[in-house]
Amino acid sequence: MDIKDMADLRLGNLLRLTNKQKIISVKGLYFNKIGYELSNGLEWTEIEKTEPIDFSLDTSILEKCDFTYDPTKEWKHKQTGYIKIDNNKFMLQDDFDVQYRWEQLPTYLHLLQNQYYFSIGNELDVSKIK
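Everything in the sequence shown is counted per the numbering used here, starting at 12 for the first residue and increasing by one.
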């Protein structure tokens, strides 16, 4: 698993440091480097040393983002709609089965954060994930 394109990243996206298995929040983007916060300031690492967080492998991540499992609509968000997951791809939909985006995206948390923001207009609350 790796991040294919820096253009998929925004400030606030959560990623994992590959060598430490530590979850970081993106605080800076500069060419192929990602800045993240440490107790003594900003640390920079190459994008190759990070990996996306696949929420299909650990659905507790969705629960921490206020989604609950509903067998009829898969993962329902308490405010905005639901996620359909199929073959490690996801689609964010509203309660009327209207898809916010037609193509399915890989089940990576940073892409869910982006899709949620672009579709709903608010940031997905990821504060419980660490």
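Note that the Cβ used here is the ideal one computed from N, Cα and C, for glycine as well.
Being a predicted model, the structure only gives us computed values, none of them experimental.
Start and end residues, beta strand (DSSP E) containing residue i
i	result
residue 129	Here residue 129 belongs to no beta strand (DSSP E); instead the alpha helix (DSSP H) covers 120 to 131.
residue 115	That residue, residue 115, is in no beta strand (DSSP E); it is neither H nor E in DSSP.
residue 27	25 to 28
residue 46	44 to 49
residue 33	33 to 41
Residue i versus the options, residue with shortest Cα-Cα distance
i	options	result
residue 16	41, 36, 34	41
residue 49	58, 36, 86	36
residue 93	52, 53, 126	126
residue 54	39, 68, 67	39
residue 135	47, 81, 73, 57	73
residue 91	56, 24, 77, 137	77
residue 131	139, 103, 141, 138	103
residue 141	23, 85, 45, 129	23
Residue i - DSSP class collapsed to helix/strand/coil
i	result
residue 75	helix
residue 59	helix
residue 97	strand
residue 69	coil
residue 81	strand
Exercise. With contact counted as at least three CB pairs below 8 Å, one residue from each stretch, are the segment 18 to 29 and the segment 57 to 71 in contact?
Worked result: Contact between the segment 18 to 29 and the segment 57 to 71 is established, with three or more Cβ pairs separated by less than 8 Å.
Exercise. Using 8 Å as the threshold, is the segment 63 to 79 in touch with the segment 117 to 124, meaning 3 or more CB pairs across them?
Worked result: yes
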